[in-house]
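Structure first, commentary second.
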Amino acid sequence: MHRAFGRLWTVLKASLAIGLLAAGSLYSANVVDRQAPNSLAAALTEPATTGAIRPRHAL
141 MHRAFGRLWT VLKASLAIGL LAAGSLYSAN VVDRQAPNSL AAALTEPATT
191 GAIRPRHAL
């Protein structure tokens with residue numbers, strides 16, 4: 141019976157550690173997103189015009 145409680149305690153500690161790591165990573169990602177502008181969003185809203193794709197002419 142003592143082994144069962146030992147294993148249960150180990151599983152609970154591991155679950156708590158994984159949960160805390162996930163919560164910490166989500167919190168830090170939220171902080172980083174609020175502090176710095178998203179460079180990918182800026183690139184998607186105003187794409188650069190390169191002229192690499194030309195319109196197809198009617199035949």
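Heads up: take any position in the sequence shown, counting from 1, add 140, and you land on our numbering. By construction, the Cβ of each residue, glycine as well, lies at the ideal position given by its N, Cα and C atoms. The structure presented is a predicted model; accordingly, all values stated were derived computationally and were not measured.
Simplified DSSP assignment, three categories, for residue i
i, result
"R196", "coil"
C-alpha gap between residue i and residue j, whole angstroms
i, j, result
"K153", "F145", "12 Å"
"G98", "Y167", "Outside the displayed span of the chain (141 to 199) sits residue 98, for which this structure offers no information."
"Q175", "H142", "49 Å"
"G164", "S155", "14 Å"
"N170", "V151", "29 Å"
Neighbourhood of residue i by C-beta, 6 Å cutoff - its chain only, sequence neighbours within 5 removed
i, result
"L161", "none"
CB contact check: residue i to chain D, cutoff 9 Å
i, result
"K153", "In the structure shown, chain D does not exist; there is a single protein chain."
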